[in-house]
Amino acid sequence: CSTNAGIVPGTGCAPYPAANPYVLAIGAVNPNLTRAAYSNYGPFLKFVAPGGSSGQGILSTINPMVNGGYGALTGTSQASGLVSGIVARILSQNPSLDRTGVFQLLQETAIPLSSAGFSSEFGYGLINTQAALNVASGMSPDGAPILALSSGSMDLGTLGTTGAVLVQNQGGGPISDLTVATQMATGA
């Protein structure tokens with residue numbers, strides 16, 4: 009059942025280890041964000057990452073005797089290596105995440121490449137490194153501030169005409185402008 013060309017024709021089998029439910033099967037996209045011709049695909053695919061294309065490879069380690077040990081390569085090995093590094097960074101920022109938590113974080117932050125959301129060609133989409141690392145650190149995916157108030161509302165009737173609300177940045181990014189508006193309820 010093992011192959012580099014997706015599901016083995018006529019068998020309904022998916023290649024292993026990619027089809028193992030405990031494995032993040034990673035496909036590769038080229039710089040145009042289309043599936044790379046060499047990339048595997050199928051319903052088992054979870055995400056895609058850059059794998060390079062002819063003339064535009066991913067900087068990789070190679071034989072130390074050649075070019076100081078670095079060269080531009082293409083392939084799903086490069087895409088999988090990028091995702092492995094991203095997962096390691098996620099876990100370094102949030103070691104309490106388990107396998108399911110990491111998968112959900114990657115799924116929530118992936119950039120969909122199919123209008124259907126999930127596809128056998130791109131899985132849940134392109135790994136979004138910055139958004140994943142932001143969320144792992146407790147920030148919003150785009151790193152924008154997440155404001156938290158010490159109190160959702162205040163009864164100024166008991167405080168007179170003044171009161172205090174503590175506003176804290178629970179996310180990332182600077183707060184450049186903050187406007188506070190008050191509304192006095194009039195009642196009988």
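Start counting at 1 in the sequence shown, then tack on 8, and there's your number in the working numbering.
Using N, Cα and C, we set each Cβ at its ideal position, and we do this for glycine too.
Check                                                                                                                                         : Outcome
Per DSSP, what are the beta-bridge partners of A36 in this structure?                                                                         : A57
If I70 sits next to G63, beta carbons under 8 Å apart, how far is it from one beta carbon to the other, in whole angstroms?                   : Between G63 and I70 the Cβ distance is about 17 Å, and since that is not below 8 Å, they are no contact.
Please identify the residue among L53, T108, E116 and S47 whose C-alpha is closest to the C-alpha of Q86.                                     : S47
With a cut-off of 8 Å on the beta carbons, I'd call N38 and S61 a contact; round off their distance for me.                                   : 4 Å
Using the three-state DSSP reduction, which class does S100 fall into: helix, strand or coil?                                                 : helix
Which partner residues does L5 have in the DSSP bridge list?                                                                                  : This structure cannot speak to residue 5, because the chain is shown only from 9 to 196.
Can the beta-carbon of T82 be found less than 7 Å from the beta-carbon of G65?                                                                : yes
Would you call the stretch 122-135 and the stretch 145-154 touching, i.e. three or more CB-CB distances under 8 Å?                            : no
Quick one: is L113 buried, meaning 16 or more other Cβ sit within 10 Å of its Cβ, or exposed?                                                 : buried
Taking 8 Å as the limit between beta carbons, can you name the residues of its chain near L141, skipping five residues before and five after? : I94, R97, I98 and Q101
Just how far apart, CA to CA, sit N75 and A26?                                                                                                : 32 Å
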